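The opening position of the first sequence corresponds to residue 0 in numbering that gives the first Met the number 0, with each subsequent residue numbered one higher. Beta carbons: idealized from backbone N, C-alpha and C, even for Gly. Keep in mind the model is a prediction, meaning the values are calculated, not measured. First comes the structure, then the notes that go with it.
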Amino acid sequence: MPEKSRKILVSNALPYANGSIHMGHLVEYLQGNIWIRFQKLRGHQCTYICASDVHGTPVMLKAREMGLSPEDLTERVTAEFLRDFSDFGIEFDNYYTTHSPENEVLVGEIFETLRASGDIYTKTIEQAYDVQESMFLPDRFVRGTCPRCGTSDQYGDACENCGATYTPADLIDPISVLSGSTPVKRDSEHYFFRLSRYEQRLRDWMQSANLEKSVVAKLEEWFEAGLQDWDISRDAPYFGFRIPGTNDKYFYVWLDAPVGYAASFKNLCARRDDLDFDEYWRPGHETELYHFIGKDIMYFHTLFWPAVLQGAGFRTPTSVFAHGFLTVNGQKMSKSRGTFIKARTYLDHLHPAHLRYYYAAKLGPTIEDLDLNLDDFAARVNSDLVGKLVNIASRCAGFINKRFDGQLAAELHAPEMQARFAGAADAIADYYERREYSRAMRTVMALADEANRYIDEQKPWVMARDEQQLDTVQAVCTQGINLFRCLMIYLTPVIPGVAEDARSFLQEQDWHWDAAGTPLLGTTISPFRPLLTRVEPEQVRNMVEQSKQS
RNA sequence: GGUGAUGUAGCUCAGUUGGUCAGAGCGGCGGACUCAUAACCCGCAGGUCGGUGGUUCAAUUCCACCCAUCACCA
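Okay, here's the thing in structure tokens:
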């Protein structure tokens, strides 16, 4: 059923530019990328944006440590990000940086609008200050003894041992992580956003956004606790945008980071005639806006961000899609166990399609965590992708190529079966749309089982010995190839590279989602070459070994 | 500590608005086949559905508490 063409803008969360992309990040980018590829395959105008999140204290300090400017550091890191993304098949329509002129203008505009409507006020707060380094210290940069349980060397915001939360001022014997000196308390004037004013509007937005149940539960919890105003400023020195009208105040990184979505899009609009900024970012248009995020940053995306957008006269997101965290072999990623696996390390040993499929096979729309079990990974990928799916083509192509010069039959052998495969398109599309990737994968693999069973029952290898039955052999194998083709189209969003090779093997120019409804008959196909190889245990072992060392 | 989510066969996960709901895939075991990247096909497997109480004629599915894991506490 052809849908009306939609105009959709999608973002992934902006990776923070002080480290490398790892397997945990990839859950998010692959989830978003699969959705985008699906929408594009369906013929919708779908724009995919992202950027490096470059502001804030950690980047500033890391650059200082490396003897670089923050700009140079984040440029280097971004170049690395882009190579990793690209090699995993994650291609953005625009990948930008939050340290851009567009972003500075937008943040300034938003701030002025909010201030004009009375949503911004200043208040003096007391904060830890490192006299030796001449700077205010974020909570994470103060360590000391937990005032409740007495555990030493705890961060300034919470105790890892007893879970208590507090402020750095509560710590016993606090020290600055930067200089080792004892921080002093010092007053500073900060800018606050009146989030408390937005409760009703946020509740309304929450209703319209159709958020996942568990996300709503979390939001309800926050509403219950009462919305607190948000401190949106930081003191110099800070890498960020200076607040207009001040000399030493900067916007907190979490204010300008989400605005970076809009800025990245604005940057893209400048070179694309078919995209209009206002159509996607001002109220009153039919466009859709979605953010894929991790469950750890829901607060920013479901409270601050929609509130800021509303207050500043922008449209709010159509919805926000939150996902869970990655564990490896059932535990948090760990360097010593070799399970802190960087994207690049993975690519040194394994094919991106393996991971793309494995994540898809386990991803749903909820904020539940996802486990990358390395043994299961190899077994699942080998069985599903190689043993079931690619096998269908592999076992049929030989006959077509050797016995019929690569020519497919003019008619299908089992049209009712073909109709069932084609008929699954709507259900599978619905699963993709709702981000029920695991259900989509299960559906596809159940069909792959059927296809293998069909070939097994027909036994073309037996018929091939009898000249009289050659037509049937051709028809059966043509049928098998078409079942394979149908499933490959369904999997295009997940394993685009493999799908492309399959398409070229079938000598087709282009695939649209609806192509699954029209069988390929009478044409010629190329010699079959393995579309994907198995995951060898040794590759996984080597990857883990390398992760321990880096 | 508070709050939210999760806890089902060796592994990864479905499922139940309470009563054929104890399931799938993988692994394992047995068999068959040889077209296929030792792939594919057929059959078998019996896990107190995290623990303890409670509600009910009946709970894995509802409630309470506890334990474990993940996250958040701005």
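For C158, which of helix, strand or coil comes out of DSSP? The residue labelled residue 158 in the question sits at position 159 within the first sequence. Coil, per DSSP.
Suppose the cutoff is 6 Å on Cβ atoms and the five residues either side in sequence are ignored; what does the same chain contact list for S263 look like? Here the question's residue 263 lines up with position 264 in the first sequence. Closer than 6 Å at Cβ, skipping near neighbours: I48, A50, N93, Y95.
Once DSSP output is grouped into helix, strand and coil, what is the label at L218? Walking along the first sequence from the start, residue 218 turns up at place 219. If DSSP states are grouped into helix, strand and coil, L218 belongs with the helices.
Quick check on L25: buried or exposed, where buried means 16 or more other Cβ atoms within 10 Å of its Cβ? Counting from one through the first sequence, the residue named residue 25 turns up at place 26. By the 10 Å Cβ count, L25 comes out buried.
Go ahead and pull the three-state DSSP assignment for L288. Sequence index remark: in the first sequence, residue 288 carries index 289 (1-based). In the structure shown, L288 sits in a strand (DSSP, three-state: E or B).
Cross-strand partners of H348 (DSSP beta bridge): Position 349 of the first sequence, counted from the first residue, corresponds to residue 348. Answer by DSSP bridge pairing: none, since H348 is not bridged.
Along the chain, where does the alpha helix (DSSP H) that runs through F313 open and close? Translated into the one-based positions of the first sequence, residue 313 becomes position 314. Segment: none, F313 is in no alpha helix (DSSP H) and carries neither H nor E.
S175: buried (16+ other C-beta within 10 angstroms of its C-beta) or exposed? Counting from 1 along the first sequence, the entry for residue 175 is found at position 176. Buried: at least 16 other Cβ atoms inside 10 Å.
Distance, Cα to Cα, Q309 vs L302? Locating residue 309 in the first sequence gives position 310, counting from the first residue. Locating residue 302 in the first sequence gives position 303, counting from the first residue. Cα to Cα, the separation comes out at about 11 Å.
Throw me the rounded Cβ distance for the D52 and P14 pair, which I believe falls under 8 Å. Start at 1 with the first residue of the first sequence, and residue 52 comes out as number 53. Start at 1 with the first residue of the first sequence, and residue 14 comes out as number 15. P14 and D52 do touch by the CB rule: their CB atoms are close to 7 Å apart, below 8 Å.
Per DSSP, E125 is paired with what? As a first step, residue 125 must be located in the first sequence, where it is residue number 126. Answer is D186.
Compare the C-alpha of Q126 against each of T150, R147, E159, A168 and name the closest. If you number the first sequence from 1, residue 126 lands on position 127. When each option's Cα is compared against that of Q126, the closest is A168.
My understanding is that P173 touches V141, with C-beta atoms under 8 Å, so please give their C-beta distance in whole angstroms. Against the first sequence, residue 173 aligns to sequence position 174. Against the first sequence, residue 141 aligns to sequence position 142. Yes, P173 and V141 are in contact; Cβ-Cβ is about 5 Å, under 8 Å.
Nearest-angstrom beta carbon gap, P364 and E211 [assumed within contact, 8 Å]: The residue you call residue 211 lines up with position 212 of the first sequence. The residue you call residue 364 lines up with position 365 of the first sequence. 6 Å between Cβ atoms; contact.
Cβ-based neighbour list, D86, same chain, cut-off 6 Å, excluding 5 preceding and 5 following: By one-based count along the first sequence, residue 86 stands at place 87. Excluding positions up to five away in sequence, the list reads L346.
Is it right to say Q457 is buried, meaning 16 or more other beta carbons lie within 10 angstroms of its own, or is it exposed? On the first sequence, position 458 is the one that residue 457 refers to. Buried, because 16 or more other Cβ atoms sit within 10 Å of the Cβ of Q457.
Look up Y561 in the DSSP assignment and give the residues it is bridged to. This structure cannot speak to residue 561, because the chain is shown only from 0 to 549.
Reducing DSSP to helix, strand and coil, say where P173 ends up. Indexing the first sequence from 1 puts residue 173 at position 174. It is a strand residue.
Let me know the secondary structure DSSP gives Q38 once reduced to three states. Taking the first residue of the first sequence as position 1, residue 38 is located at position 39. Helix, per DSSP.
For D425, the three-state DSSP class (helix, strand or coil): Taking the first residue of the first sequence as 1, we reach residue 425 at position 426. The answer is helix: DSSP assigns D425 an H, G or I state.
Does the structure place the stretch 33-43 close enough to the stretch 55-68 that three or more beta carbon pairs sit under 8 Å? no
How many Å lie between Y128 and L136 at the Cα? Taking the first sequence and counting its residues from 1, the one referred to as residue 128 is at position 129. Taking the first sequence and counting its residues from 1, the one referred to as residue 136 is at position 137. Distance from the CA atom of Y128 to the CA atom of L136, rounded to whole angstroms, is 6 Å.
How far does the alpha helix (DSSP H) with Y94 in it reach, from first residue to last? The count along the first sequence starts at 1 and reaches residue 94 at position 95. For Y94, there is no enclosing alpha helix (DSSP H); the enclosing beta strand (DSSP E) has its first and last residue at 93-96.
Would you call the stretch 411-427 and the stretch 454-474 in contact, with 3 or more CB pairs under 8 Å? yes
Using the DSSP secondary-structure output, state which residues sit across from S232 in a beta bridge. For the purposes of this step, residue 232 is taken as residue 233 along the first sequence, with counting starting at 1. In DSSP, S232 forms a bridge with F250.
Please state whether the Cβ-Cβ distance between D255 and R193 is less than 7 Å. Counting from 1 along the first sequence, the entry for residue 255 is found at position 256. Counting from 1 along the first sequence, the entry for residue 193 is found at position 194. Cβ atoms of D255 and R193: not closer than 7 Å.
Distance, Cα to Cα, G521 vs Q417? The residue labelled residue 521 in the question sits at position 522 within the first sequence. The residue labelled residue 417 in the question sits at position 418 within the first sequence. Computed Cα separation, rounded: 16 Å.
Report the three-state DSSP secondary structure of A321 (helix, strand or coil). As a first step, residue 321 is located in the first sequence; it is residue number 322 there, counting from the start. In this structure, A321 counts as strand in the three-state DSSP scheme.
First through last residue of the alpha helix (DSSP H) which encompasses D404: Taking the first residue of the first sequence as 1, we reach residue 404 at position 405. Taken as a continuous stretch (DSSP letters only), D404 belongs to no alpha helix (DSSP H), as it is neither H nor E.
With a 10 Å radius around its C-beta and 16 neighbouring C-beta atoms as the bar for buried, classify W204 as buried or exposed. Taking the first sequence and counting its residues from 1, one reaches residue 204 at position 205. So W204 counts as buried.
Range covered by the alpha helix (DSSP H) that runs through T77: As a first step, residue 77 is located in the first sequence; it is residue number 78 there, counting from the start. Residues 69-86.
According to DSSP, is F238 part of a helix, a strand, or is it coil? For the purposes of this step, residue 238 is taken as the residue at position 239 of the first sequence. Correct three-state label for F238: coil.
T112, enclosing alpha helix (DSSP H) - first and last residue: For this step, residue 112 is matched to residue 113 along the first sequence. From DSSP, the alpha helix (DSSP H) with T112 extends over 100-115.
Please list the terminal residues of the continuous alpha helix (DSSP H) segment that includes G143. As a working note, residue 143 is residue 144 in the first sequence. Taken as a continuous stretch (DSSP letters only), G143 belongs to no alpha helix (DSSP H), being part of the beta strand (DSSP E) at 141-144.
Beta-carbon separation of D370 and T315 under 7 Å? Within the first sequence, the letter at position 371 stands for residue 370. Within the first sequence, the letter at position 316 stands for residue 315. No, they are not a contact pair.
Should the stretch 432-442 be regarded as contacting the stretch 352-366, the criterion being three or more beta carbon pairs within less than 8 Å? yes
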